[in-house]
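Heads up: take any position in the sequence shown, counting from 1, add 531, and you land on this note's numbering. Heads up, the beta-carbon is just placed ideally off N, CA and C, and yes, glycines get one too. Beneath this line is the structure, given in structure tokens, with notes to follow.
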Amino acid sequence: ALEYALTHLGLPDFRPETIRAKLPQLLAAQMDTYIYHEVGEIRQKIFNRDHWRRIIGAYPQTTVELLARACKDLLADTHSQGSLQRMIQTRNKVGLALYAAFCDGLLRELFPEIRSAFAEFAREERWELIHETVAQGQANGRWWADVLMDNHAEGLARQNPDWAQARIEKQLATYLASKQRPGGQIR
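Printed below as a string of structure tokens:
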């Protein structure tokens, strides 16, 4: 994906000095990504700011906090006014390639479809495939937001945030081990 982005920026090779010369174009290609990520964060209502802040505050420096942050980023990027939708609207191949190349950490685990979709896109340049993939990413983010909010609420009702943390971490571990799309319940 990174090679695709650099090639579409017009780089004849990938030496540091060549990349440095094209840095302004590279940054320009990413400007919309940063701006529309923030727009998506503000506009998405699935994982609202108050719920998110309560979860971040209740589980600081834990896997649950990392999951909540990745989930919020996924919902922002896949929102109808988020960065990925903007890339689709503007046909920003470079931005899409850079997103796929640098989608890492827990975000990559929550949205594994983006890398394979981009690999196919690089061959065929079918934007409808990316649109469908973004819709799946939004569904993934929605599911994880529900997991976080529902388990946090249940932990509060039980007056046992440790229970909620353990439950969320178990669901995440099971998902990561199975590599299946989210949606199954853990008893």
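Quiz item: Which first and last residues belong to the alpha helix (DSSP H) in which R657 is found?
Solution: R657 -> no alpha helix (DSSP H), and no H or E assigned at all.
Quiz item: Apart from the five residues on each side of it in sequence, which residues of its chain come closer than 7 Å, Cβ to Cβ, to A676?
Solution: Sequence-distant Cβ neighbours of A676 in its own chain, meaning closer than 7 Å and more than five residues away, are I577, F578, C602 and L606.
Quiz item: Alpha carbon to alpha carbon, what distance is there between L627 and R718?
Solution: Reliability of the predicted coordinates at R718 is poor, the pLDDT of 27 falling under 50, and no value is obtained from them.
Quiz item: What did DSSP end up calling C602 once you bin it into helix, strand or coil?
Solution: C602: helix per DSSP, three-state reduction.
Quiz item: Quick one: Cα of R574 to Cα of K553, how far?
Solution: Taken atom to atom, the span from the alpha-carbon of R574 to that of K553 is near 33 Å.
Practice problem: Using 10 angstroms around the beta-carbon of T664, count the other beta-carbons present and answer buried if the total reaches 16, otherwise exposed. | Solution: Per the 10 Å Cβ criterion, buried.
Quiz prompt | Helix, strand or coil at L637 [DSSP, three-state] | solution = Helix, per DSSP.
Self-check item: 8 Å Cβ shell around Q716 - same chain, five flanking residues per side excluded
Solution: At Q716, the pLDDT of 43 sits below 50, so the modelled position is not reliable; the number obtained from the coordinates is stated separately. Here the set comprises nothing.
Quiz item: Does the pairing of the region 648–661 with the region 589–601 give three or more beta-carbon distances under 8 Å?
Solution: Between the region 648–661 and the region 589–601, the count of Cβ pairs shorter than 8 Å is below three; the stretches do not touch.
Practice problem: Confirm, please, whether the CB-CB distance from A631 to A532 is below 8 Å. | Solution: Yes, Cβ-Cβ distance for A532 and A631 is below 8 Å.
Quiz item: Using a Cβ-Cβ cut-off of 6 Å (strictly less than) and excluding sequence neighbours within five positions of H683, which residues of its own chain qualify?
Solution: So the qualifying residues of the chain are I586 and A695.
Quiz item: If you compare alpha carbons, which of T609, W674 and G686 is closest to T564?
Solution: T564 has its Cα closest to that of T609, out of T609, W674 and G686.
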